[in-house]
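Engineer:
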Amino acid sequence: MSPRVSIVIPAFNNADYLHDTLASALSQNYADYEVVIADHSSSDATSTVIDHFADDPRLRILSPTTAGGGAKHNWDRVSQAARGELIKLLPGDDLIGPDMLSAQVAVFDRHPTVTLCATRRKLINESGATIMTGRGIPRGIVGLHRGAMAVRATVRAGSNLFGEPGCVMMRREALEAIGGWDGTNPYVIDERSYCRALLADEGRGHGDFYGLAQSLASFRVSGEQWSVRLSTAQAEQVVAFHDTLAAQYPQVIRPFDLYLGNARARIMARARRLVYAALGFVGK
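The end of the sequence shown is residue 283 by numbering that gives the first Met the number 0, with every number in the run present.
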């Protein structure tokens, strides 16, 4: 029988952190799940770390993913191998708490119209120390909401309110219905995919969003991330995503939503760069 949940890990040069990531994925207090992992032709010891966990029957190790293709190629490879009804993509340097799967599966059990469930998260540094906690999922989208409302909220915020992939669980069929991860704007591949899945799933009896106030994930901030290396380009990709979404769903994203969200996206990009500079990452 297929597992209820698939955690999929697109590993790429994560040797320094992947042991902790896999340990967190395999330490859930929920039983009906699998972990699918593939090494995206890493140049470090990522494959050796994966092999350390090879005896765990819940872990399915795929053959190495061919080089190139960026995040979409990497993310689609592991996602397409998932067998679960529900899917969580976990980057190879982030962590999830032991209650993550049980808390999110309970939401889908209580609310069959939900397409996507997200939790708040902690920000941790390269050493695993907590920088900030309780990030994401503002009070306005805690609990059950129509997907269109949640999409409008994240656009108006100019920032990804759903959080990084480790925070999110979604219906696998909703991801498949939009053709897999949408890498049109690589910096917002996660947020863009979430929004498209929520809006597309409304016609199939789902499409709702549920926000959990607990911080059940940890997102690692390091000098290797795109968000450190990009500044103006970040904002322009967010703006391009907003513009496309507004053109496709004018009933969801109104002109003022678009104006406000684009302005905030540009402000957020500058503020983010200042934060990374304060943490000593800019310029690495």
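Quick reminder that beta carbons are idealized off the backbone N, C-alpha and C, glycines included.
(1) Does the contact criterion of 3 or more C-beta pairs under 8 Å hold for the segment 101–110 versus the segment 191–200?
(2) Quick one: what does DSSP say Leu89 is sitting in, helix, strand or coil?
(3) Jot down the residue ranges of each uninterrupted beta strand (DSSP E) in the segment 129–208, minimum 3 residues, whole runs only, in chain order.
(4) Determine, using beta carbons only, whether His51 and Thr64 come nearer to each other than 8 Å.
(5) Helix, strand or coil, according to DSSP, for Asp108 in the structure here?
(6) What's the gap between the Cα of Gly210 and the Cα of Ala147?
(7) Would the beta-carbon of Arg263 fall within 8 Å of that of Ala149?
(8) If you run the structure through DSSP and keep just helix, strand and coil, what is Val220?
(9) Which of the three DSSP states is assigned to Glu33 in this structure?
(10) Across the segment 39–55 and the segment 118–130, are there enough close Cβ pairs to call them in contact, namely three or more that are closer than 8 Å?
(11) Give me the residue from Pro254, Arg269, Val238 and Gln250 with the minimum Cα distance to Asn261.
(12) Pairing CB atoms from the segment 7–17 with CB atoms from the segment 78–96, are three or more of them under 8 Å?
(13) Looking at Asp43 and Ala66, is the spacing between their C-beta atoms short of 8 Å?
(14) Compare the C-beta of Asp200 with all C-beta atoms of chain D and state if any pair is closer than 8 Å.
(15) Given a cut-off of 8 Å, decide if Ala152 and Leu160 are closer than it, judged by their beta-carbon atoms.
(16) With DSSP collapsed to three states, give me the class of Ser5.
(17) Using the DSSP secondary-structure output, state which residues sit across from Gly210 in a beta bridge.
Structural biologist: On the basis of the coordinates in this document:
(1) no
(2) coil
(3) 129–134, 142–145 and 167–170
(4) Contact flag unset, no.
(5) Here DSSP, grouped into helix, strand and coil, assigns Asp108 to helix.
(6) 14 Å
(7) Cβ atoms of Arg263 and Ala149: not closer than 8 Å.
(8) coil
(9) strand
(10) no
(11) Considering only alpha carbons, the answer is Val238.
(12) yes
(13) no
(14) The structure shown has no chain D; it contains just one protein chain.
(15) For Leu160 and Ala152, yes; Cβs fall inside 8 Å.
(16) strand
(17) Ala117 and Gly142
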